[in-house]
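Chemist: For the sequence shown, the positions run 1 to 413 when this note's numbering is used.
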Amino acid sequence: MSQPLQGVRIVDLTMVWAGPMGTRLLGDYGAEVIKVESPRQWDLLRALGLIPRDVPRWYNRSAYFNHNNRNKYAVSLDLAHPLGRETVLQLCAVSDVLVENYRSDVMDNLGLDYETVRSVNPRIIYVSMPGHGKTGPEKDYVAYGSNVEQLAGLVSISGYEDGEPMKTGFSYGDPMAATALVGAVALALRKRRLTGEGCYVELAQRENLTMFVGEHIVGYSLTGELPRPMGNRHPHHAPHNVYRCAGEDRWVAIACETDDQFRALCAVIRRHDLAGDPRFATAAARKANERDLDPEIEAWTLQRGHHEAMHLLQRAGVPAGAVLTTPELVADPHLRATGAWVEHTHPDAGTWEMEAPPWVLPRTPGHIRLHAPGFAEHNDWVFRDLLGLDDARIAALYAAGVAADTPDESLHR
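Structure follows, in structure tokens:
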């Protein structure tokens with residue numbers, strides 16, 4: 001089946017979440033992604049998941065790893081060894097894109113900086129994803145989703161009104177950087193098609209996430225007012241909140257922006273008197289009196305299931321959504337109808353459902369072609385078929401510990 005990125009080969013030097021998720025998305029749409037792991041410094045996600053270490057090939061069973069690394073091939077190479085460095089440069093010479101998300105100085109220290117890689121392949125697109133960027137006074141700081149959210153300004157505006165700042169609980173920096181990687185690679189491929197030249201791309205997770213609070217930066221520059229956490233409320237619109245529904249821990253979100261939507265809401269809950277109440281007759285009045293308005297709405301939602309409340313309001317043109325738990329999300333009939341979930345089988349981890357490729361392209365759809373690779377699963381294919389190495393050279397890689405068929409488990413016991 002034809003796919004948009006068919007014929008694009010990617011050398012994937014990334015680990016954990018942001019990089020692997022981004023390269024997985026590229027693989028979902030046809031790119032040939034080759035994940036490179038050292039026998040001693042392999043992707044940390046392989047060791048997560050509380051899998052007993054006496055289970056055969058436990059390092060291939062992590063759900064977290066398998067989720068972020070489908071549609072990839074895998075090869076083992078120790079880049080710190082001269083033979084490993086030389087071999088990965090050979091791989092770069094026959095590839096289109098290299099992606100790495102190490103600390104800012106790692107690739108330079110390995111002798112695999114952009115200029116070195118470019119010397120073997122002037123058309124290569126080289127993407128670096130250091131957490132804090134390649135320059136600046138904090139470029140060498142450790143970056144994880146939790147502290148990147150703080151430094152990007154997201155946590156300062158998250159939380160309940162008059163409460164302490166709250167992390168989102170999701171580490172948005174990683175998936176946001178992963179999604180940005182797809183766009184960056186697409187732009188660079190287009191530039192190469194127009195100019196014939198590759199390029200270097202820096203995609204700092206912290207800087208990328210900062211762009212997602214842009215409206216607050218603009219607002220502060222215009223008014224001088226510091227944005228503050230406001231829970232589920234909106235700075236201008238009301239009603240705009242989550243409301244308790246019938247059942248245990250069931251909620252529905254309602255977000256009215258116009259007078260027409262509010263009148264429609266009043267009609268659904270059979271409280272026409274609210275629309276005529278001077279406290280709620282205008283957007284400004286509703287915002288000023290939302291603490292009085294919310295209990296009136298919640299008196300109705302408490303008598304309804306969260307799905308029922310959503311459907312009744314949506315049919316009347318009122319923006320509303322049931323707050324879904326994870327089991328409800330997986331079972332959601334709308335997502336089932338659109339094919340958002342697909343069954344997938346891994347030879348070591350078994351069969352489960354995961355999300356389908358997210359962007360629907362009818363003529364060139366993304367799909368899952370490959371399960372996440374076992375450690376070094378494709379060594380022979382990469383060494384012999386792609387790089388044309390002879391038996392002596394391959395034996396030398398194994399003898400030097402540069403390549404291995406199984407990882408060194410001593411650090412993850």
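Where is the CB? At the ideal position from N, CA and C, for every residue including glycine.
Bear in mind that the values here come from a model prediction, so they are computed numbers and not experimental data.
Over what stretch of residues does the alpha helix (DSSP H) that includes A181 continue unbroken?
Modeler: Stepping through the sequence shown from its first residue, residue 181 is reached at position 181. Note that residue 181 is Leu in the sequence shown here, rather than Ala. First-last of the alpha helix (DSSP H) with L181: 173–195.
Chemist: Can you give me the C-alpha to C-alpha distance between T301 and L45, rounded to a whole angstrom?
Modeler: Working through the sequence shown from its first residue, we reach residue 301 at position 301. Working through the sequence shown from its first residue, we reach residue 45 at position 45. Cα-Cα distance, rounded: 42 Å.
Chemist: Just to confirm, is the Cβ distance from F383 to T406 under 8 Å?
Modeler: Here residue 383 refers to the residue found at position 383 when the sequence shown is read from its first residue. Here residue 406 refers to the residue found at position 406 when the sequence shown is read from its first residue. Going by C-beta atoms, F383 is not nearer than 8 Å to T406.
Chemist: Hey, is the stretch 246–257 in contact with the stretch 290–308, meaning 3+ C-beta pairs nearer than 8 Å?
Modeler: The answer is yes - the stretch 290–308 touches the stretch 246–257, with three or more Cβ pairs under 8 Å.
Chemist: Let me check understanding here. Comparing Cα to Cα, which of N147, H367, L397, T116 lies closest to Q6?
Modeler: Within the sequence shown, numbered from 1, the residue matching residue 6 stands at position 6. Answer by Cα proximity: H367.
Chemist: Between the C-alpha atoms of R228 and G163, what's the straight-line distance to the nearest angstrom?
Modeler: Stepping through the sequence shown from its first residue, residue 228 is reached at position 228. Stepping through the sequence shown from its first residue, residue 163 is reached at position 163. Answer to the nearest angstrom: the Cα atoms are 10 Å apart.
Chemist: Which of the three DSSP states is assigned to E308 in this structure?
Modeler: Along the sequence shown, read from residue 1 onward, the residue named residue 308 stands at position 308. The answer is helix: DSSP assigns E308 an H, G or I state.
Chemist: Alpha carbon to alpha carbon, what distance is there between L91 and Y398?
Modeler: Within the sequence shown, numbered from 1, the residue matching residue 398 stands at position 398. Within the sequence shown, numbered from 1, the residue matching residue 91 stands at position 91. Taking the straight line joining both Cα atoms gives about 17 Å.
Chemist: Three-state secondary structure (DSSP) at N241?
Modeler: Translated into positions along the sequence shown, residue 241 becomes position 241. DSSP places N241 in strand when its eight states are reduced to three.
Chemist: When you compare only the Cα positions, how much space is there between R70 and R279?
Modeler: The residue given as residue 70 occupies position 70 in the sequence shown. The residue given as residue 279 occupies position 279 in the sequence shown. Straight-line Cα distance between these residues: approximately 55 Å.
Chemist: Which term fits F65, buried or exposed, when burial requires 16 or more other beta carbons within 10 angstroms of its beta carbon?
Modeler: Within the sequence shown, numbered from 1, the residue matching residue 65 stands at position 65. F65 is buried by the Cβ-count criterion.
Chemist: Quick one: measure Cβ to Cβ for R244 and G198, integer angstroms, because I've assumed they're closer than 8 Å.
Modeler: Within the sequence shown, residue 244 is the residue found at index 244, counting from 1. Within the sequence shown, residue 198 is the residue found at index 198, counting from 1. At roughly 55 Å, the Cβ-Cβ gap does not stay under 8 Å, so R244 and G198 are not in contact.
Chemist: Name the one or two DSSP bridge partners that R141 has.
Modeler: The count along the sequence shown starts at 1 and reaches residue 141 at position 141. Per the sequence shown, the amino acid found at residue 141 is Tyr instead of Arg. Paired residue(s): none; Y141 is not in a bridge.
Chemist: Starting from V97, follow its DSSP beta bridges and name the residues at the other end.
Modeler: By 1-based counting over the sequence shown, the position of residue 97 is 97. I10, I125.
Chemist: Near G145, what residues of its chain come up, given a Cβ to Cβ distance below 6 Å and the 5 sequence neighbours on each side ignored?
Modeler: Working through the sequence shown from its first residue, we reach residue 145 at position 145. Answer for G145: S171, G173, D174, listed in chain order.
Chemist: Between the beta-carbon of A177 and the beta-carbon of N208, is there less than 8 Å?
Modeler: Looking up residue 177 in the sequence shown gives position 177. Looking up residue 208 in the sequence shown gives position 208. Yes. Within cutoff.
Chemist: Where does V424 sit, in a helix, a strand or coil, going by DSSP?
Modeler: Since the first and last residues shown for the chain are 1 and 413, residue 424 lies out of range.
Chemist: Who are the near neighbours of P4 in its chain, counting only those whose CB is closer than 7 Å to its CB and skipping five residues on each side?
Modeler: As a first step, residue 4 is located in the sequence shown; it is residue number 4 there, counting from the start. Same-chain partners within the cutoff: Y29, G30, L361, T364.
Chemist: Name the one or two DSSP bridge partners that A322 has.
Modeler: Position 322 of the sequence shown, counted from the first residue, corresponds to residue 322. Looking at the DSSP assignment, A322 forms a beta bridge with V252.
Chemist: Beta-carbon within less than 7 Å of D332's beta-carbon, same chain only, minus the 5 sequence neighbours each way: which residues are those?
Modeler: Position 332 of the sequence shown, counted from the first residue, corresponds to residue 332. Excluding positions up to five away in sequence, the list reads L324.
Chemist: Could you please give me the residues that DSSP links to E207 through a beta bridge?
Modeler: One-based indexing of the sequence shown puts residue 207 at position 207. Beta-bridge pairing links E207 to no other residue.
Chemist: Among G224, N60, E100, N121, whose alpha-carbon lies nearest the alpha-carbon of R192?
Modeler: Here the question's residue 192 lines up with position 192 in the sequence shown. Nearest of G224, N60, E100, N121 to R192, Cα basis: N121.
Chemist: Closest to E86 by C-alpha separation, out of L112, E100, R250, would be which residue?
Modeler: The residue given as residue 86 occupies position 86 in the sequence shown. Taking only the C-alpha atoms, the option nearest E86 is L112.
Chemist: For the stretch 39–92, list the alpha helix (DSSP H) runs that are entirely contained and at least 4 residues long, ordered along the chain.
Modeler: With a minimum length of 4 residues, the continuous alpha helix (DSSP H) runs that stay inside the stretch 39–92 are 63–68.
Chemist: Report all residues from its chain with a CB closer than 8 Å to the CB of W359; omit the five preceding and five following residues, and keep chain order.
Modeler: The sequence position of residue 359 within the sequence shown is 359, counting from 1. Y29, G366, listed in sequence order.
Chemist: Check this for me: beta carbons of A322 and Q314, under 8 Å apart or not?
Modeler: Against the sequence shown, residue 322 aligns to sequence position 322. Against the sequence shown, residue 314 aligns to sequence position 314. Not a contact, by the Cβ cut-off of 8 Å.
Chemist: Relative to the alpha-carbon of T351, which residue among R270, H371, P52, P20 has its alpha-carbon at the smallest distance?
Modeler: As a position in the sequence shown, residue 351 is number 351, starting the count at 1. When each option's Cα is compared against that of T351, the closest is H371.
Chemist: With distances taken between CB atoms, is the gap from Y73 to H344 smaller than 8 Å?
Modeler: Within the sequence shown, numbered from 1, the residue matching residue 73 stands at position 73. Within the sequence shown, numbered from 1, the residue matching residue 344 stands at position 344. Contact: no.
Chemist: Hey, G401 and D78: beta-carbon distance below 8 Å or not?
Modeler: The residue labelled residue 401 in the question sits at position 401 within the sequence shown. The residue labelled residue 78 in the question sits at position 78 within the sequence shown. In this structure, D78 lies closer than 8 Å to G401 by Cβ.
Chemist: Which of the three DSSP states, helix, strand or coil, is assigned to V33?
Modeler: What you label residue 33 is simply residue 33 of the sequence shown in a count that begins at 1. If DSSP states are grouped into helix, strand and coil, V33 belongs with the strands.
Chemist: Hey, would you say S76 sits closer than 8 Å to I10, going by beta carbons?
Modeler: In the sequence shown, counting from the first residue as 1, residue 76 sits at position 76. In the sequence shown, counting from the first residue as 1, residue 10 sits at position 10. No, the Cβ-Cβ distance between S76 and I10 is not below 8 Å.
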